[in-house]
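Be aware that the sequence shown starts at 1, since it is given in UniProt numbering, and climbs by one per residue.
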Amino acid sequence: MEILLVEDGLMDARVTIHSLRRSQVHHRLTLVRCVSEAIKFLRQEGVFARAPRPDLLLLDLNLPDGSGIDVIELLQNSEVNTDALTTVVLTANEDECIRERCNALGVHDYIRKPVHEDEFMRVVRDHKRLMVHSTPVLA
1 MEILLVEDGL
11 MDARVTIHSL
21 RRSQVHHRLT
31 LVRCVSEAIK
41 FLRQEGVFAR
51 APRPDLLLLD
61 LNLPDGSGID
71 VIELLQNSEV
81 NTDALTTVVL
91 TANEDECIRE
101 RCNALGVHDY
111 IRKPVHEDEF
121 MRVVRDHKRL
131 MVHSTPVLA
């Protein structure tokens, strides 16, 4: 599983990375810390030209150069194929309007910080299960 973590808080990033390591889900994780880096990674631009296509996008909403919602909106308005991308928002924000906006943009899951490891791992495992079931069978 290819995972892109968009998180500017190093402590939150460490908790997420530690949880993934403990999950025993085979993955490769890339950490970027702002909207502009996330967009370049997803579009495979510049230093990210050879970046893998992520299966799972873990997205903090409050970033130094904008919002995680900006990432989602920019992706929807670009030629990047996001059909196989699962987006999970990680945020301490409890504003119901933000959650409704995320739902309207097609966010697959929404987890409030501080993230509880069990809840976080449920989301990762659910996504992994979906990947296994959606993999085409070769004849």
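C-beta atoms are modelled at their ideal positions from N, C-alpha and C, and glycine is treated no differently.
For Val35, the closest of Arg112, Arg43 and Asp70 by C-alpha to C-alpha distance is Asp70. Inter-segment contact for the segment 4 to 18 and the segment 58 to 67 is present: three or more beta-carbon pairs are separated by less than 8 angstroms. When only Cα atoms are considered, Asp65 and Glu37 end up about 10 angstroms apart.
The segment 108 to 125 makes contact with the segment 76 to 95, as at least three CB pairs between them are under 8 angstroms. The C-beta distance from Glu94 to Arg112 rounds to 7 angstroms, short enough to fall under 8 angstroms. Annotated three-state conformation of Glu37 is helix, per DSSP. Taking C-beta atoms as the reference points, Ser19 and Glu117 count as a pair closer than 8 angstroms.
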